[in-house]
Amino acid sequence: MTDNEVQAAASATPDQVLDTSALNCPMPLLKTKLALNNMAVGSKLLVVATDSGSARDIPHYISRTDHRLLDQAESEGRFRFLIERG
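For what it's worth, UniProt numbering labels the leading residue of the sequence shown as 1, then goes sequentially.
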């Protein structure tokens, strides 16, 4: 991520929050896909997950689409992904 992208991610407010805590693979990814499909281009989705597979699955999915992963973080077993709908 460039400095500008980091700054944009830090100031980004999500349009929607998707809490997939306690859901196991593949549900966090599937719910993320469904949520993004129902959002307008340019909207931001914050996904919260506790399934460790999400740390791999969600960024991999985003890299294969027009969506952008603005931020990714992990704290105390909770994974956060800020995604801009492409």
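We treat Cβ as the ideally placed atom computed from N, Cα and C, and that holds for glycine.
Reduced DSSP category for residue i - H, G, I as helix; E, B as strand; rest coil
i, result
"Leu-29", "helix"
"Leu-34", "helix"
"Leu-23", "coil"
"Ser-43", "coil"
"Val-6", "Its pLDDT being 49, under 50, Val-6 is placed unreliably in this model, and the value from its coordinates should be taken loosely. Reduced to three states, the DSSP call for Val-6 is helix."
Beta-ladder partner(s) of residue i, from DSSP
i, result
"Arg-56", "Answer is none; Arg-56 lacks a bridge partner."
CB of residue i within 8 Å of CB of residue j, strictly
i, j, result
"Thr-20", "Ala-49", "yes"
"Met-39", "Arg-85", "yes"
"Leu-36", "Leu-45", "yes"
Span of the beta strand (DSSP E), counted from its first residue to its last, around residue i
i, result
"Arg-80", "78-84"
"Ala-12", "Where Ala-12 is concerned, there is no enclosing beta strand (DSSP E), given that its DSSP letter is neither H nor E."
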